[in-house]
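Novice: In the numbering used here, the protein residues as written are 403 to 570.
Don't be surprised by glycine CBs; every beta carbon is placed ideally from N, CA and C.
Note that this is a predicted model, so its numbers are computed, not measured.
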Amino acid sequence: CDPYFCNRRRGTYTVPVTERLYFNRRYLEEIRRAVARIRPTVGQRYKYSDLNYWLLGQVIESVGQKGLDQLAQERLYAPLGLRRTAFRPRQTFSPGQLIPTEIDKTWRRQLLQGTVHDPSAAILGGVSGHAGLFSNTADLATLLQPLLDQGSYGGKTYFSPVVVERFT
């Protein structure tokens, strides 16, 4: 083990990054504090950042009083009838049902199968507002259908038309 990672779950190394790599949970709070201190710089332009979606996931968890994965499952995926959409699919599906996402040769040095490939989502335990969601095409089509139908699907409204308009 080093200060951040260990190849087995022990002590404070409890955040699963892959099945053979765990992040030290003490650093999650440190990361959250550092992110909270980030302020936009006047006149500076950003081309891309997943930070806003990472923070949005935290806001949703704070308001919903549950993990993003639980809230998404309870409030969106289950009501939509999605059966193959999940964060951390290794907890739900067998490895034979999961297509590998990449061979990580630099950081985790292993085949990633059912484990998020995004490094920052990985150290958050695989659940984040910016990455980590696994699905199949049938579930994705159902998940995106409300965007085509002004926020509704199957007679139920999931998003207001205003939200759909702003999102799209």
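#1: How is R492 classed by DSSP in three states: helix, strand or coil?
#2: Quickly, what does DSSP pair R412 with across the bridge? List them, please.
#3: Unbroken alpha helix (DSSP H) runs of length 4 or more, entirely within the region 432-472: which are they?
#4: Expressed to the nearest angstrom, what Euclidean distance is found between the alpha-carbon atoms of I440 and L549?
#5: When the Cα atoms are used, what is the spatial distance from N538 to G516?
#6: Assess, as a yes-or-no matter, whether the region 518-534 is touched by the region 499-509 under the definition of 3 or more beta carbon pairs within less than 8 Å.
#7: Whose C-alpha, out of I525, L484, Y429 and R486, is nearest the C-alpha of W456?
#8: Around the Cβ of C403, are there at least 16 other Cβ atoms within 10 angstroms (buried) or fewer (exposed)?
#9: Does DSSP put Q547 in a helix, a strand or coil?
#10: Provide the residue(s) that pair with D506 in DSSP beta bridges, ordered along the chain.
#11: May I ask you to report which of helix, strand or coil DSSP gives T559?
#12: Quick check: the Cα distance between T508 and A488, rounded to an integer number of angstroms?
#13: By DSSP's criteria, S577 is part of a beta bridge. Which residues make up the other side?
#14: Inspect the beta-carbon positions of G557 and V565 and report whether they are closer than 9 Å.
#15: With a Cβ-Cβ cutoff of 9 Å, do A601 and A533 count as a contact?
#16: Between L484 and N454, what straight-line distance do the alpha-carbon atoms span, to the nearest angstrom?
Specialist: Quick answer:
#1: In the structure shown, R492 sits in a helix (DSSP, three-state: H, G or I).
#2: Partner(s): Y415.
#3: With a minimum length of 4 residues, the continuous alpha helix (DSSP H) runs that stay inside the region 432-472 are 453-466.
#4: Going by the C-alpha atoms only, they are around 32 Å apart.
#5: Going by the C-alpha atoms only, they are around 12 Å apart.
#6: Yes, since at least three Cβ pairs between the region 499-509 and the region 518-534 fall closer than 8 Å, the two stretches touch.
#7: Of the listed residues, the one whose Cα sits closest to W456 is I525.
#8: With fewer than 16 Cβ atoms within 10 Å of its Cβ, C403 is classed as exposed.
#9: Three-state DSSP puts Q547 in a helix.
#10: In the DSSP output, where bridge partners are listed per residue, D506 has Q512.
#11: T559: strand per DSSP, three-state reduction.
#12: If you take the alpha carbons of T508 and A488, they lie about 26 Å apart.
#13: One cannot answer for residue 577 here, as it falls past the ends of the chain, which runs 403 to 570.
#14: Not in contact: G557 and V565 (Cβ atoms no closer than 9 Å).
#15: The structure shown does not extend to residue 601, since the chain is modelled only from 403 through 570, so no value can be given for it.
#16: Just so you know, the alpha carbons of L484 and N454 end up roughly 26 Å apart.
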